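In the working numbering, the protein residues as written are 486 to 1054.
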C-alpha cells in the first residue's frame, strides 16, 4: 500500500469498528479504508487532500501486506508446524516394518486380524482426536498453537507406551493413543497453516505439510531397515517416533499463534506482534490494514457464529456445498487404497515372494517422498484442480496394470505368489506400483488438505473436524479390511477395485472440484454461493491477477501525486 509522507504511528491506530473506516463496496467485499479519520494531520487541508488520495489506493479489495517478503522466521514457523504430517507419516511407515519384525514377541504370532486391529485402531483414535481438536481449537485458552503442542505431548506418551508393550492388547492401547495425537494434528495443523500463510504460498506450505508426511514414511522405512537385525528392533522403532514431537515442543515457544484466532478472541496487540513476525518487512499501515481486514471479516461472521454449530455449518447452503467438496475429496484420498498399501507394503511384498520386503518398501516409500516435491513447485502455478486431473487418471491406469500382472502370477493354496520364474513381470509390477505411488504423491496426497480454505471462519473448526473425520473413517474402513480382502479374493481383484474407485474419482473432480489457488480466504465463499461454480473460480483467479497489475499502476500514480502535493506544501 502506498505510504504518504506522514505515516501514522502505531500508537495512533484504532482497531475498534467504525462505520467510516469499514465500508462495504457494492458486492459486499470488504476493504480497509485508511482515510482522514486516522490521519493525525486531518485538520490541514493539504494533508486532507493527500489522505484522500491515499484512501483511493486502499479502496481496492487487495491485501498489500501479502506482497511483502516473508521473513526467515515466518517460514521456519510454518515449516515447523508440519509436525502433524511427520507424525502421521512415520506412523504409517513404521507399522509396516513392525508387523514383519514383531514375530512372536507379544506372546504369539500375529494373525491377519491382529495386524488389521493394530493398524486400524490408530485411525479410530485419530477420529476421536480430530473431533477433540475441533472442540479445543476455538476455545480461548487453547487456540491453534496450543492444540498442536497438546498433540505432541500425547504422542510422546504413546511412543513410550508402545515401546514397552508386552502383549497385543497393550500395543493396541498405545496405537490408539498415538492415533488421538495424529487426529489432533490433522485438524489443527491445516487450520494453523492456512491462517498464518499468505494466500500466494498457502498451497506451497500445505504441500510442505504433505511432504513431511512422505518424509516421515521414508524415514520410518530407513530406520526399520537399519534396525532389522538387532534385538527388540520394533520397540526402538516405536520409541524413536517420540523424537519429532519432542523437538517441536522445544521450539514451540518461538511460534506465534494464528493472527486470525487472536483477532477473533479480541487479542489485537498479540495479533499485531504475530503479523510482525510473519511479515517483518511490511509498513505499519499494512499491519493496520491487515488487522482491520481480518477483524471486519471476523465481525461479519460473528453474527452467524451466534447460531449453534449445526445452523452455521449445515443450514447455510454455500457452506454445506464447500463442506461436501472437502469431505468427498478427503474420503477419496483414503478410498483409493494408498495408505492401506503403505501400512501393509512389507507384508504384501513378503506374500508376493520378495526376499527382502522391507528393502522393497524403502524403494516405494522413497518414490513417494521424492514425487511429493512436485506439488511444492506446481500447486500454486498450475493450480490444485489441474494437478488432480493430471495425476488421478494415471493412478487408475497403473492399478489396472498391476491387477493384470497379479492375475498372471501363480499362487499357492495360501495365496502366496511366486515371481521367481517371471522376472519381467516383477519389473512391470514394480513400475506400475511406483507409478501409482508417484501419481498419488504428486496430487491426491497433498491437495485434499487444502480443502479447509473453502470454509468460512464461523464453520472452519467444525468443518475441518468433519473433513478430517471423513479421512479417518475411510482410513479405518480400508485398513481394517485390506488384508482380509486380499486373503478372501486375491491381489488382482483388490487392485482392480481401487482402479475403478480412482476412475470414478477423476470424474467427480472434473465436475465438482473448483480451484481456489491464490484466492483470499475471504473471497472463496463466492464460488459456492450459486452451486459449485468452477468457472467463477477461474474467473476470480484471473481477476486477482489483473487487479494486482492495475493496483500497482494506480498506487504508482498516487505516489507521484503525493510527492507533487507535498513538495508544493
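Glycine included, every Cβ here is placed at the ideal spot set by N, Cα and C. Computed from a predicted structure; not experimentally measured.
Asked	Found
Contact set for residue 834: own chain, Cβ-Cβ below 6 Å, skip 5 residues either direction	842 and 845
Bounding residues of the alpha helix (DSSP H) (the contiguous stretch that carries residue 980)	976-997
First and last residue of the uninterrupted alpha helix (DSSP H) at residue 908	908-927
Reduced DSSP category for residue 651 - H, G, I as helix; E, B as strand; rest coil	coil
Separation of residue 821 from residue 684, as counted between CA atoms	29 Å
Helix, strand or coil at residue 539 according to DSSP, with G and I counted as helix	Caution is warranted here: a pLDDT of 32 is assigned to residue 539, below 50, making its placement in the model unreliable, and no coordinate value can be reported.
Length of the line joining the Cα atoms of residue 661 and residue 643	8 Å
Given 8 Å, three or more beta-carbon pairs between the stretch 984-1000 and the stretch 863-871	yes
Touch test, the stretch 669-681 against the stretch 625-636, Cβ-Cβ under 8 Å, three pairs minimum	yes
Burial state of residue 554, where buried means 16 or more other Cβ atoms lie within 10 Å	exposed
Residue from 769, 766, 971 and 707 whose Cα sits closest to the Cα of residue 583	707
Where residue 742 falls, given that 16 or more other Cβ within 10 Å makes a residue buried	buried
Nearest-angstrom beta carbon gap, residue 656 and residue 603 [assumed within contact, 8 Å]	6 Å
Among 723, 776, 717 and 730, the one whose alpha carbon lies nearest that of residue 666	730
C-alpha gap between residue 606 and residue 958, whole angstroms	11 Å
Span separating the alpha-carbon of residue 769 from that of residue 781	18 Å
The stretch 869-888 in contact with the stretch 989-997 per 3-pair CB rule at 8 Å	yes
Own chain residues within Cβ distance below 7 Å of residue 613, not counting five before or after	665 and 668
Rounded separation between residue 963 and residue 785 - CA only	41 Å
7 Å Cβ cutoff met for residue 949 and residue 937	yes
Cβ-based neighbour list, residue 1065, same chain, cut-off 7 Å, excluding 5 preceding and 5 following	Because the chain spans 486 through 1054 in this model, residue 1065 falls outside it and cannot be assessed.
Check whether residue 727 and residue 574 have beta carbons under 7 Å apart	no
Neighbour-count burial assignment, residue 801, 16 or more Cβ in a 10 Å radius	buried
Residue 888 versus residue 549 - alpha carbon distance	52 Å
Neighbour-count burial assignment, residue 793, 16 or more Cβ in a 10 Å radius	exposed
Cβ-based burial, residue 909 [other Cβ within 10 Å; buried from 16]	exposed
Contact check, residue 699 vs residue 857, beta carbons under 7 Å	yes
Three-state class that DSSP yields for residue 940 in the structure shown	coil
Proximity below 7 Å, CB of residue 1022 to CB of residue 1012	yes
Close-in-space but distant-in-sequence residues of the same chain around residue 597 (CB under 7 Å, 5 per side omitted)	968, 969 and 972
Residue 956 vs residue 815 beta-carbon contact at 7 Å	yes
Nearest-angstrom Cα separation, counted from residue 758 out to residue 772	9 Å
Local conformation of residue 740 per DSSP, three classes	coil
Assigned secondary structure, residue 800 (DSSP; H/G/I helix, E/B strand, else coil)	helix
For residue 883 and residue 830, believed in contact at Cβ under 8 Å, the rounded distance	Actually they do not touch by this definition, with Cβ atoms about 15 Å apart.
Reduced DSSP secondary structure (H/G/I, E/B, other) of residue 1008	coil
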